[in-house]
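Asker:
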Amino acid sequence: IENCDLDIVSNPEIDVVEIGKGKDFVFTAKVATKPPVKLAEYKGVEIEKVEVEVTDEDVDKAIEKTRKENARKVDITDRAAKLDDEVNINFEGFVDGVAFDGGKGEDYKLVLGSHSFIDTFEDQIVGKNIGEEFDVNVTFPENYQEASLAGKPAVFKCKLNAITEEVLPELDDDFASDVSEFETVAEYKEDVKKTLTVKKKDAAEKERESKVLEKLIETCEIDIPEPMIKYNQEKMLQDFEQKLAYQGLKLEQYLDITKQTREDMLNQVKPEAIKRIKSSLIIEAIANAENIEVTDEEVNAEIEKTASMYQLDVDKFKELAGDKELDAIKMDVKMNKAMKLIAAESKEV
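Residues in the sequence shown are numbered consecutively from 33, following the working numbering.
1) Do residue 375 and residue 241 have their CB atoms nearer than 8 Å?
2) May I have the straight-line CA-CA distance separating residue 63 from residue 269, to the nearest angstrom?
3) Does the region 144-154 touch the region 108-124, meaning 3 or more C-beta pairs lie closer than 8 Å?
4) CA-CA distance, residue 294 and residue 255?
5) Taking the alpha helix (DSSP H) that residue 272 belongs to, which residues open and close that run?
6) Which residues share a DSSP beta bridge with residue 185?
7) Alpha carbon to alpha carbon, how far is residue 87 from residue 94? Give it in angstroms, no decimals.
8) Give the straight-line distance between the Cα atoms of residue 292 and residue 196, rounded to the nearest whole angstrom.
9) When the distance is taken between beta carbons, is residue 124 closer than 8 Å to residue 134?
10) Please specify which runs of the alpha helix (DSSP H), each continuous and at least 4 residues long, are wholly inside the region 83-159, giving them in chain order.
11) Suppose you measure from the CA of residue 163 to the CA of residue 137; what does that come to, to the nearest Å?
12) Can the beta-carbon of residue 120 be found closer than 8 Å to that of residue 263?
13) Would you report the Cα separation of residue 205 and residue 224, rounded to the nearest angstrom?
14) Helix, strand or coil, according to DSSP, for residue 293 in the structure here?
15) Could you tell me the distance, in whole angstroms, from the CA atom of residue 352 to the CA atom of residue 328?
16) Going by DSSP, which residues form a beta bridge with residue 190?
17) So if DSSP puts residue 379 in a beta bridge, which residue, or which two residues, is it bridged to?
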């Protein structure tokens, strides 16, 4: 397979023809090859206009986020709890007068209005004072993960221990100099706007690329072999399984929790697998049609970027990656250039 001149895009289906002691091992291997792409017109693709303007509201939201990140917590003793306060509570839940597992907590911190608890639990703490003991009446949702509690009314015996409030810093020159290199609010706001503009332009470019690609997926003709789709479905599921492993979960556990089978998940990812295959084949076909070349400098820049992401020096990364991975990086650079070309030549309407 390695020596044949084929673009293989699936795992082989092996059929043993002959096997036996003292005999040659004879088999056939059936594989899917990369399908041809009949490109539609890819220059001047019409897409919806993508907004890149940064508004005063965008700037205000970004600054408000920074103010919240620099807020200080103040203990409240002279008023009742209100929305957005962080409260400290003791609680114990009962269903039909009987305490249930997992329904008890002490010195539990809860932000009112965060919807961390079920139903109207948090709303019923609003208006309560420190030291007050009270009942909170709720109903567990029908789809609650603990089946024995699903749909049932419950009473939580609660006590409010403490209230704290976030106090945001004033938006003044002192704040501007504390969180930035600028001395005045006006300069700080201008810098925030510049930063947001760069981010929005980058996001807009990616959105344009996505919109152009969606149009080309609709108009280009590709007959994707089923084994190629299955191969990509399996790869997507393997990637998902790896992400679960980082969270300490096995795929079998996830399937059990979500009441799904492996086949269910493969069917779920099939549309996305087809979309990814078409996207890749179309961009590669355009890159070839445009005779797009990549320079060593472009490839090395991408290698440096990838190595940095893994916190490795370039030589060590190349050693670990191997030729196959380095060729894939070169192909990525080529395809990114093709994508930027057709996005730049698209027409916003």
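Backbone N, C-alpha and C fix where the C-beta goes; we use that ideal spot for every residue, glycine too.
Answerer: On the basis of the coordinates in this document:
1) yes
2) 21 Å
3) yes
4) 26 Å
5) 258-278
6) 171
7) 11 Å
8) 43 Å
9) no
10) 88-101
11) 16 Å
12) no
13) 14 Å
14) coil
15) 19 Å
16) 123 and 166
17) 78
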